[in-house]
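Chemist: These protein sequence lines are chains A and B, in that order.
Residues 154 to 356 (my numbering) are what the first sequence spells out, left to right.
Residues 154 to 356 (my numbering) are what the second sequence spells out, left to right.
There are 2 protein chains.
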Amino acid sequence: MKIRTDNAEKARGTREKLLEAGLRLFSEKGYLGSTTKDIALRAGVAELTLFRHFSSKEALFKEIINSYTFLPALKGLLPELQEMAYEDALALIAKKFLNRLSERRELIRIMYSEMQLYPSKVKEIYHNFIDELTRTLASYFEHLQERGVLRGFDAEYGAKAFMGLFFSYFNTQELLLKKEITGAERDKLIKQYVGIFARGTVK
Amino acid sequence: MKIRTDNAEKARGTREKLLEAGLRLFSEKGYLGSTTKDIALRAGVAELTLFRHFSSKEALFKEIINSYTFLPALKGLLPELQEMAYEDALALIAKKFLNRLSERRELIRIMYSEMQLYPSKVKEIYHNFIDELTRTLASYFEHLQERGVLRGFDAEYGAKAFMGLFFSYFNTQELLLKKEITGAERDKLIKQYVGIFARGTVK
DNA sequence: TCATGATGTTAGTGCTTACTTACTTTAACA
DNA sequence: TGTTAAAGTAAGTAAGCACTAACATCATGA
Numbered sequence: 154m155k156i157r158t159d160n161a162e163k164a165r166g167t168r169e170k171l172l173e174a175g176l177r178l179f180s181e182k183g184y185l186g187s188t189t190k191d192i193a194l195r196a197g198v199a200e201l202t203l204f205r206h207f208s209s210k211e212a213l214f215k216e217i218i219n220s221y222t223f224l225p226a227l228k229g230l231l232p233e234l235q236e237m238a239y240e241d242a243l244a245l246i247a248k249k250f251l252n253r254l255s256e257r258r259e260l261i262r263i264m265y266s267e268m269q270l271y272p273s274k275v276k277e278i279y280h281n282f283i284d285e286l287t288r289t290l291a292s293y294f295e296h297l298q299e300r301g302v303l304r305g306f307d308a309e310y311g312a313k314a315f316m317g318l319f320f321s322y323f324n325t326q327e328l329l330l331k332k333e334i335t336g337a338e339r340d341k342l343i344k345q346y347v348g349i350f351a352r353g354t355v356k
Numbered sequence: 154m155k156i157r158t159d160n161a162e163k164a165r166g167t168r169e170k171l172l173e174a175g176l177r178l179f180s181e182k183g184y185l186g187s188t189t190k191d192i193a194l195r196a197g198v199a200e201l202t203l204f205r206h207f208s209s210k211e212a213l214f215k216e217i218i219n220s221y222t223f224l225p226a227l228k229g230l231l232p233e234l235q236e237m238a239y240e241d242a243l244a245l246i247a248k249k250f251l252n253r254l255s256e257r258r259e260l261i262r263i264m265y266s267e268m269q270l271y272p273s274k275v276k277e278i279y280h281n282f283i284d285e286l287t288r289t290l291a292s293y294f295e296h297l298q299e300r301g302v303l304r305g306f307d308a309e310y311g312a313k314a315f316m317g318l319f320f321s322y323f324n325t326q327e328l329l330l331k332k333e334i335t336g337a338e339r340d341k342l343i344k345q346y347v348g349i350f351a352r353g354t355v356k
């Protein structure tokens with residue numbers, strides 16, 4: 154009699170529906186612009202149900218941030234990269250990075266909208282996104298510098314420059330201008346940017 | 154009797170105080186997070202005075218966007234650039250661009266916060282900021298390509314890449330993380346980034 | 001079959017907010 | 001000095017908001 158599995162499952166279902174609806178609405182209208190009524194409506198439940206699952210609107214918001222912030226590591230990519238040609242490796246990283254950003258578009262939008270309200274949360278999201286990738290990339294550069302493939306630039310700055318290139322593309326095209334980007338455009342962009350960056354860093 | 158100049162000046166004064174206070178508050182707390190009471194308070198006037206100058210909160214918001222959007226042209230820089238060494242020219246452009254962004258920090262913050270509410274305004278701001286500079290930069294690159302200094306990359310993409318590098322730096326450091334950047338750090342960054350980009354684009 | 005837990009329905013509370021009305025104060029200027 | 005334009009003071013309105021209380025419905029599962 155301890156746990157009614159089916160009821161519990163149902164509860165988990167509506168809980169997730171609320172998190173998902175909240176993510177989308179907060180991303181579209183901002184925290185203050187999203188009403189609990191609308192979130193519940195979009196989740197297909199009564200407003201009161203929202204408060205039965207989350208003690209307040211803010212609690213819901215924080216849980217959304219937490220549950221969507223986690224990202225799978227990319228460290229495992231390192232050995233694979235070392236067997237590839239430099240430009241191909243860079244193109245692969247760029248592609249994975251852009252995909253990652255697209256997947257988390259809503260979260261990033263929230264990050265920008267609420268950066269004044271929750272600066273520490275925003276920094277957390279940012280670091281979760283960027284730090285590990287920066288370090289992976291920097292150590293990859295350092296490795297190639299030791300092998301004499303790359304010239305002696307500051308690896309940390311190099312990593313940030315590389316990611317900055319693609320982040321700013323994502324930022325303007327997909328977040329600000331909301332353009333639909335075709336695969337072909339994306340490939341051309343990657344080729345051009347990687348071309349510049351690769352030539353700029355080899356010996 | 155037509156115009157009482159001093160009265161008119163006074164009115165213009167409080168009007169500007171309101172625009173300035175609005176800019177700062179909207180940038181800090183977002184459109185919905187800023188109350189008309191607080192804006193008036195920060196401007197040092199009564200709330201009612203705000204409504205005597207602007208028909209509504211939204212009207213104030215739109216006037217703020219309009220009056221701060223305009224930016225002086227950078228086209229005049231082109232002839233000057235052509236007498237400089239390539240890397241020095243790039244460093245100068247980067248410096249001017251970063252200064253421009255810092256000057257308009259509040260406006261850019263508003264742009265990010267309200268991009269869902271006023272997408273067309275946001276696009277306008279973006280284009281005002283970026284388009285002219287992109288074209289100036291691209292034609293500079295084309296000129297150097299014709300003279301055989303630079304290799305044959307896509308000049309438009311190159312310009313976007315260059316600006317993206319520095320925009321994304323501004324974005325993360327000054328907007329998101331709100332770090333105070335020293336002049337020395339900024340100079341090192343410019344040197345590193347320009348170094349990569351210059352080597353990546355010369356023949 | 002019937003107790004239980006999840007959800008729905010409806011109505012409402014107290015607070016905040018954009019905006020208004022009516023009246024007063026202040027200072028420039030003819 | 002008296003008129004006028006700009007700003008202040010004070011009180012209030014209507015709407016929207018997060019959140020609550022009371023009760024009804026319905027499917028699950030012992």
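Ideal placement from N, C-alpha and C gives every residue a C-beta, glycine not left out.
1) Give the straight-line distance between the Cα atoms of residue 350 of chain B and residue 245 of chain B, rounded to the nearest whole angstrom.
2) So residue 255 of chain A packs on residue 327 of chain A, CB below 8 Å; how close in whole Å?
3) With a threshold of 7 Å between beta carbons, is residue 301 of chain A in contact with chain B?
4) So who's on the other strand from residue 121 of chain A, going by DSSP bridges?
5) Would residue 354 of chain A be called buried (16 or more neighbouring beta carbons within 10 Å of its own) or exposed?
6) Determine, using beta carbons only, whether residue 318 of chain B and residue 247 of chain A come nearer to each other than 7 Å.
7) Determine the burial state of residue 183 of chain B: buried for a count of at least 16 other Cβ atoms within 10 Å of its Cβ, exposed for fewer.
8) Going by the DSSP bridge assignment, what does residue 303 of chain B pair with across the sheet?
9) Use the C-beta contact count for residue 281 of chain A: other C-beta atoms within 10 angstroms, 16 or more gives buried, fewer gives exposed.
10) Would you call the region 178-194 of chain A in contact with the region 264-279 of chain A, where contact means no fewer than 3 C-beta pairs closer than 8 Å?
11) Is it the case that the Cβ atoms of residue 190 of chain B and residue 200 of chain B are separated by a distance below 7 Å?
12) Between the region 226-238 of chain B and the region 281-293 of chain B, can you find at least three pairs of beta-carbon atoms closer than 8 Å?
13) Please state whether the Cβ-Cβ distance between residue 251 of chain B and residue 242 of chain B is less than 7 Å.
14) Please state whether DSSP places residue 271 of chain A in a helix, a strand or coil.
15) Pull up the CB-CB distance for residue 298 of chain A and residue 306 of chain B, whole angstroms please, since I reckon it's below 8 Å.
16) Please classify residue 275 of chain A as buried or exposed, where buried requires at least 16 neighbouring CB atoms within 10 angstroms.
17) Would you kindly work out how many angstroms separate the C-alpha atoms of residue 259 of chain B and residue 173 of chain B, rounded to a whole number?
18) Can you tell me whether residue 209 of chain B is helix, strand or coil according to DSSP?
19) Enumerated in chain order, which unbroken segments of the alpha helix (DSSP H) with a length of 4 residues or greater are wholly contained in the region 303-335 of chain B?
20) Residue 212 of chain A: buried (16+ other C-beta within 10 angstroms of its C-beta) or exposed?
21) Less than 7 Å separating the beta-carbons of residue 221 of chain A and residue 329 of chain B?
22) Identify which residue in A/322, A/301, A/337 has its Cα closest to the Cα of residue 312 of chain B.
23) Are any of the Cβ atoms in chain A nearer than 7 Å to that of residue 178 of chain B?
24) Shortest alpha-carbon distance to residue 300 of chain B belongs to which of B/204, B/219, B/177, B/239?
25) Between residue 342 of chain A and residue 310 of chain B, what straight-line distance do the alpha-carbon atoms span, to the nearest angstrom?
26) So which of A/304, A/316, A/302, A/295 has the shortest CA-CA distance to residue 284 of chain A?
27) Could you tell me the alpha carbon to alpha carbon distance between residue 339 of chain B and residue 165 of chain A, rounded to whole angstroms?
28) Does the CB of residue 181 of chain B have a neighbour CB from chain A at under 7 Å?
29) Please confirm if residue 354 of chain A has its CB atom under 7 Å from at least one CB of chain B.
30) Going by other Cβ atoms of all chains shown within 10 Å of its Cβ, with 16 needed for buried, is residue 209 of chain A buried or exposed?
Modeler: Taking the structure as given:
1) Start at 1 with the first residue of the second sequence, and residue 350 of chain B comes out as number 197. Start at 1 with the first residue of the second sequence, and residue 245 of chain B comes out as number 92. Roughly 14 Å between the two C-alpha positions.
2) As a position in the first sequence, residue 255 of chain A is number 102, starting the count at 1. As a position in the first sequence, residue 327 of chain A is number 174, starting the count at 1. Correct: roughly 7 Å between the Cβ atoms.
3) Here residue 301 of chain A refers to the residue found at position 148 when the first sequence is read from its first residue. Answer no: the Cβ-Cβ gap between residue 301 of chain A and chain B never drops below 7 Å.
4) With chain A running from 154 to 356 in the structure shown, residue 121 of chain A is simply not present.
5) The count along the first sequence starts at 1 and reaches residue 354 of chain A at position 201. Residue 354 of chain A is buried by the Cβ-count criterion.
6) The residue you call residue 318 of chain B lines up with position 165 of the second sequence. The residue you call residue 247 of chain A lines up with position 94 of the first sequence. No, they are not a contact pair.
7) What you label residue 183 of chain B is simply residue 30 of the second sequence in a count that begins at 1. By the neighbour-count rule (16 or more Cβ atoms within 10 Å), residue 183 of chain B is buried.
8) As a working mapping, residue 303 of chain B is identified with position 150 in the second sequence. In the DSSP output, where bridge partners are listed per residue, residue 303 of chain B has B/355.
9) On the first sequence, position 128 is the one that residue 281 of chain A refers to. Exposed, by the Cβ-count rule.
10) yes
11) Against the second sequence, residue 190 of chain B aligns to sequence position 37. Against the second sequence, residue 200 of chain B aligns to sequence position 47. Annotated as proximal: residue 190 of chain B and residue 200 of chain B, with beta-carbon spacing under 7 Å.
12) yes
13) Mapped onto the second sequence, residue 251 of chain B falls at position 98. Mapped onto the second sequence, residue 242 of chain B falls at position 89. Result no, Cβ atoms of residue 251 of chain B and residue 242 of chain B do not sit closer than 7 Å.
14) Taking the first sequence and counting its residues from 1, the one referred to as residue 271 of chain A is at position 118. Here residue 271 of chain A sits in coil by DSSP.
15) As a first step, residue 298 of chain A is located in the first sequence; it is residue number 145 there, counting from the start. As a first step, residue 306 of chain B is located in the second sequence; it is residue number 153 there, counting from the start. About 24 Å separates the two Cβ atoms, so there is no contact after all.
16) One-based indexing of the first sequence puts residue 275 of chain A at position 122. Buried, by the Cβ-count rule.
17) The residue you call residue 259 of chain B lines up with position 106 of the second sequence. The residue you call residue 173 of chain B lines up with position 20 of the second sequence. So the alpha carbons of these two residues sit roughly 10 Å apart.
18) For the purposes of this step, residue 209 of chain B is identified with residue 56 of the second sequence, where counting begins at 1. Reduced to three states, the DSSP call for residue 209 of chain B is coil.
19) 308-322
20) Taking the first residue of the first sequence as 1, we reach residue 212 of chain A at position 59. Exposed.
21) Within the first sequence, residue 221 of chain A is the residue found at index 68, counting from 1. Within the second sequence, residue 329 of chain B is the residue found at index 176, counting from 1. In terms of Cβ geometry, residue 221 of chain A and residue 329 of chain B do not form a close pair [threshold 7 Å].
22) Residue 312 of chain B sits at position 159 when you count from the first residue of the second sequence. Among A/322, A/301, A/337, the Cα nearest to that of residue 312 of chain B is on A/322.
23) Counting from one through the second sequence, the residue named residue 178 of chain B turns up at place 25. With 7 Å as the cut-off, residue 178 of chain B does not count as an interface residue toward chain A.
24) Along the second sequence, one-based indexing puts residue 300 of chain B at 147. Answer by Cα proximity: B/239.
25) Position 189 of the first sequence, counted from the start, is the residue given in the question as residue 342 of chain A. Position 157 of the second sequence, counted from the start, is the residue given in the question as residue 310 of chain B. Each residue's alpha carbon lies about 7 Å from the other.
26) Here residue 284 of chain A is taken as the residue at index 131 of the first sequence, counted from 1. Of A/304, A/316, A/302, A/295, the residue nearest in Cα terms is A/316.
27) Sequence index remark: in the second sequence, residue 339 of chain B carries index 186 (1-based). Sequence index remark: in the first sequence, residue 165 of chain A carries index 12 (1-based). Going by the C-alpha atoms only, they are around 49 Å apart.
28) The count along the second sequence starts at 1 and reaches residue 181 of chain B at position 28. Yes - at least one Cβ of chain A is within 7 Å of the one on residue 181 of chain B.
29) As a working note, residue 354 of chain A is residue 201 in the first sequence. Output row for residue 354 of chain A: interface = yes.
30) By 1-based counting over the first sequence, the position of residue 209 of chain A is 56. Looking at its Cβ environment, which holds fewer than 16 other Cβ atoms inside 10 Å, residue 209 of chain A is exposed.
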